[in-house]
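Numbered per my numbering, the sequence shown spans residues 162 to 329.
Heads up, the thing below is written out as structure tokens.
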Amino acid sequence: MASRYGTGELYGFDFSALSPARVRELSSATHKSQVCPFKPVSLGKSAPKCHKKGGVCSLRQFVRGEQGRVEGKGEPVTTCPKRFLEGNLVAQWVGETLLGTSKPVIISELPFLMGEIQAEEGADEDAVGKIDEVLVNAEGGALRWCALEFQAVYFSGMSMENDFKVMR
162 MASRYGTGEL YGFDFSALSP ARVRELSSAT HKSQVCPFKP VSLGKSAPKC HKKGGVCSLR
222 QFVRGEQGRV EGKGEPVTTC PKRFLEGNLV AQWVGETLLG TSKPVIISEL PFLMGEIQAE
282 EGADEDAVGK IDEVLVNAEG GALRWCALEF QAVYFSGMSM ENDFKVMR
């Protein structure tokens with residue numbers, strides 16, 4: 162049986178469940194026009210858009226059986242850091258495991274490593290970087306917190322581009 166990895170999710174949709182017409186439609190769409198189903202929706206704002214060119218959220222192993230039929234095998238492997246935001250599951254787990262709460266306060270994109278001058282209001286563009294999320298539990302009189310950085314597999318190159326063109 163031949164196997165290889167390919168697109169697991171495209172703009173949040175299970176790639177193996179998409180019709181060829183829908184794959185062509187999504188693969189020709191601009192990422193900024195597609196809603197990201199994993200980013201949290203802010204009250205009073207429009208649905209957040211995808212930030213990843215190509216819209217691939219995850220990869221998945223595909224296996225070609227003896228009859229030539231190709232089927233997905235196993236769970237998707239995350240390739241987009243925003244994929245980790247789904248339903249705040251990661252924050253909930255980390256909060257329970259490290260902070261003793263399943264509902265930590267989440268502070269996103271917190272600027273850090275600023276000097277006194279940069280610490281002024283609105284000067285976060287001078288920060289060295291941003292912490293993806295800081296989780297806080299202030300219950301019980303003691304302030305407990307931890308920082309989260311989301312890292313996912315990054316893929317690029319002619320091989321991946323050619324695979325994507327073949328799928329269209």
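All residues carry an ideal CB built from backbone N, CA and C; glycine is no exception.
Just so we're clear, the structure is a prediction, and the values are computed from it rather than from any experiment.
Local Cβ density within 10 Å of residue i, reported as buried at 16 or more and exposed below that
i, result
"S164", "exposed"
"E294", "buried"
"K193", "exposed"
"P265", "buried"
"L246", "buried"
Boundaries of the beta strand (DSSP E) in which residue i is found, first to last residue
i, result
"L250", "It is not in any beta strand (DSSP E) - L250 instead sits in the alpha helix (DSSP H) that spans 250-255."
"E170", "163-171"
"A308", "305-309"
Host alpha helix (DSSP H) of residue i (start-end)
i, result
"R230", "Here R230 belongs to no alpha helix (DSSP H), and DSSP marks it neither H nor E."
"V184", "181-188"
Residues near residue i in its chain [Cβ-Cβ closer than 8 Å; skip 5 each side]
i, result
"E186", "none"
"Y166", "L220, R221, Q222, F223, V238"
"E236", "R221"
Nearest neighbour of residue i, chosen from the options [CA to CA]
i, options, result
"Q222", "G233, G216, L271", "G233"
"G216", "T239, L260, V255", "T239"
"Q312", "K213, C241, F174", "C241"
"Q253", "W306, F176, S188", "W306"
"E170", "G226, K243, S207, P209", "K243"
"H212", "S177, A190, L204", "A190"
For residue j and residue i, believed in contact at Cβ under 8 Å, the rounded distance
i, j, result
"L304", "G290", "Going by Cβ atoms, the distance from L304 to G290 rounds to 23 Å, so no, they are not a contact pair."
"K262", "E310", "With the sequence shown as reference, residue 262 is identified as Thr, and Lys is not the correct amino acid for it. About 20 Å separates the two Cβ atoms, so there is no contact after all."
"Q195", "K210", "6 Å"
Cβ neighbours of residue i in the same chain (closer than 6 Å, five flanking residues each side left out)
i, result
"L179", "none"
"P198", "G173"
"V314", "T240"
"D175", "none"
"V251", "F245"
7 Å CB neighbourhood of residue i in its chain, flanking five on each side removed
i, result
"L260", "L296, N298, R305, C307"
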